[in-house]
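Some notes on the structure that comes next.
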Amino acid sequence: QVQLVESGGGLVQPGGSLRLSCAASGFTFSSYAMSWYRQAPGKKRELVARVSSGGGITNYADSVKGRFTISRDNAKNTMYLQMNSLKPEDTAVYYCNAVTQFNYWGQGTQVTVSS
């Protein structure tokens, strides 16, 4: 069955960096675009970034452009989100998403940006 497992979240000070990973299994990873979403307390889940199946095309929310970088390693069935210059408003649970025949989500990883 499809599994998406996020890791790499944690507590970081404003201006710091984190790298999230999403390990995928149960489907042909290299055939599908992948996305990162986030959900802050009391807010709707929002798209952060998306990467094409081959990794050559990326899209970002305006709020993270220039600070976050999405990438993938199809040989390792893994997607990444490098987050730099983190701000308190980046605090959220970050989710990995794959849309194949169905819409799949990971369990999420908490990112907290606070001094």
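Per the working numbering, the sequence shown runs over residues 30 to 144. Glycine is no exception: its CB is placed at the ideal position from the N, C-alpha and C atoms.
For this session: For Val128, count neighbouring C-beta atoms within 10 Å of its own C-beta (all shown protein chains included) and say buried if the count is 16 or more, exposed if not.
Result: Translated into positions along the sequence shown, residue 128 becomes position 99. Val128 is exposed by the Cβ-count criterion.
Exercise. Where do the N-terminal and C-terminal ends of the beta strand (DSSP E) with Thr129 fall, by residue?
Worked result: Counted from its first residue, the sequence shown places residue 129 at position 100. Here Thr129 belongs to no beta strand (DSSP E), and DSSP marks it neither H nor E.
Exercise. What is the DSSP secondary structure of Phe56, reduced to helix, strand or coil?
Worked result: The count along the sequence shown starts at 1 and reaches residue 56 at position 27. In this structure, Phe56 counts as coil in the three-state DSSP scheme.
For this session: Can you grab the Cα-Cα spacing for the pair Leu48 / Asn132, in whole Å?
Result: Position 19 of the sequence shown, counted from the first residue, corresponds to residue 48. Position 103 of the sequence shown, counted from the first residue, corresponds to residue 132. It should be noted that the sequence gives Arg, not Leu, for residue 48. For Arg48 and Asn132, the distance between alpha carbons rounds to 24 Å.
Problem set entry | Gly55 to Val80 span [Cα, whole Å] | Here the question's residue 55 lines up with position 26 in the sequence shown. Here the question's residue 80 lines up with position 51 in the sequence shown. Taking the straight line from one Cα to the other gives about 19 Å.
For this session: May I have the straight-line CA-CA distance separating Val93 from Gln30, to the nearest angstrom?
Result: Walking along the sequence shown from the start, residue 93 turns up at place 64. Walking along the sequence shown from the start, residue 30 turns up at place 1. Distance between the alpha carbons of Val93 and Gln30: 32 Å.
Problem set entry | CA nearest to the CA of Ser50, picked from Gly83, Tyr124 and Ser60 | Your numbering for residue 50 matches position 21 in the sequence shown. That would be Tyr124, whose Cα lies nearest to the Cα of Ser50.
Problem set entry | Cα-Cα separation, Gly39 to Lys116 | For this step, residue 39 is matched to residue 10 along the sequence shown. For this step, residue 116 is matched to residue 87 along the sequence shown. When rounded, the distance between both Cα atoms is 13 Å.
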